[in-house]
Each structure stands twice: as structure tokens, then as C-alpha cells.
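Working notes, beginning with the structure itself.
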Amino acid sequence: MGRKKVEMKKIDNETSRRVTFSKRRLGLFKKASELSTLCGAEVAIIVFSQNGKVYSFGHPHVNPIVDKFLIQSILPEETVPEMMNRIQGTRVNELNQQINQLLSDLEEEKKRGKTLLQHPEEEEIMNLDLLQLKHLMFSMEELKNHVINQTNMIIGLVPINTASSTQAAVNNTTVVPHGYDFGYDFELEDFEFLSSCLPACI
């Protein structure tokens, strides 16, 4: 006597329904695994039980397959590799433009610094009045901080606070690492000399 054909309708008995769900779910996952093995297909199955419990099967993994499906549903005319290459290319171009702009600005500051550092002889500096000395010292400190910040932006460091750095220079101290290379002859001694020219009352 052959097997009785199961009628395709919802099973009324709750216990029988749960047993059938477990058996059929395992059978479904087994068939999906066979499909993946035989055909090399990427397979993802998500099943929610009547109680809301979720079961999943995926080869090689569920999440990447679901992500690929969602992306291709949104952009059906563009493959995932093409989209990733386009996004990465755009980002690289933006970063290159930012770096080129920073390098250009830094080069301008180098030229400005070379001009500024061609200061008169010490005898002439000694003849400057208090206001002129303060202005010269402040200009040099501002230039130094600007060059440091531009350089740090390129290499990913934290910008220096201009106000605190200027005060440090007046107090004959420095926040610049020893031996820091600015690309031109810009030394702490320049600030120490100017500081020595200023009256002690300031």
C-alpha cells in the first residue's frame, strides 16, 4: 500500500504543525545545500516560524548574499564590483585633491617663511621699538604655527592651538617637537633672540 498523499492545507493540530515545520525546514535546508554543492550557487534561505523565531541557511554565508540582493535590487543595472570601484575611485580622487591643495598651501608658506626669515642684522633689530619687536615676533610665531598645522593635516596629527603657542613663545618656551623639519631654516633660536630683545616687563 502506497504512502498517503498529504493534503496541502494548514495543519490544524498545533503539535503536528510544529513537528512538520521542523522536518520540512530541515529538508528545505538540505535541498538548498545540495543545490549549492552541485551547481556552485550562492544560496540564502530565511524562515520565520509561526512564533516568530527565525532560522536561516546560507552558502557561503547568509549576510553577504542578502546584502548583494538588496544592493542589486536598488541598482539593478550596476553590478556590485562596478559600484564599489566607482565609490572607491571617487573617494581617492577627493583625497588626492585635498592633499594637493595642502601641499600647494604649504609651499606658499615656505616661500613666505623664507622671505620673512631674511630679517636685518641683529644690530638693526636691536634698534626696533617695542611695538615693532612684538609685531615681528608675533608674525613669525603665526607663520610657524600655520606651517605646523598644514603639515599635521597632511600626516593626520592634531592642529596646534595658536593662542597657547604664541603665549608659549613669549614665555621663551616651545610646543614644537625638537628637530621638527618645516622644509626651511626655521629655528627656535629666532624666537629666543627676539624674546631677549623684549623688555622684561612684557
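With the numbering used here, letter number 184 in the sequence shown gets 347, and the count goes up by one each step, no holes.
Here a beta-carbon is modelled for each residue, glycine too, at the ideal position from N, C-alpha and C.
Residue i - DSSP class collapsed to helix/strand/coil
i	result
isoleucine 208	strand
leucine 266	helix
valine 169	coil
glutamine 235	helix
aspartate 230	helix
glycine 252	helix
asparagine 259	helix
glycine 215	coil
isoleucine 174	coil
Neighbour-count burial assignment, residue i, 16 or more Cβ in a 10 Å radius
i	result
alanine 207	buried
isoleucine 311	buried
asparagine 395	The structure shown does not extend to residue 395, since the chain is modelled only from 164 to 365, so the question has no answer here.
Alpha-carbon spacing of residue i relative to residue j, whole angstroms
i	j	result
glutamate 304	lysine 273	14 Å
arginine 180	leucine 258	59 Å
valine 169	valine 210	22 Å
arginine 187	asparagine 248	42 Å
glycine 215	lysine 194	23 Å
leucine 265	isoleucine 250	23 Å
lysine 172	asparagine 256	59 Å
glutamate 201	threonine 178	Before going further, note that residue 201 is leucine rather than glutamate in the sequence given. Taking the straight line from one Cα to the other gives about 35 Å.
lysine 167	phenylalanine 192	24 Å
Cross-strand partners of residue i (DSSP beta bridge)
i	result
phenylalanine 220	Ile208
Rounded distance between the beta-carbons of residue j and residue i, thought under 8 Å
i	j	result
glutamate 205	histidine 222	7 Å
serine 219	phenylalanine 184	At roughly 15 Å, the Cβ-Cβ gap does not stay under 8 Å, so serine 219 and phenylalanine 184 are not in contact.
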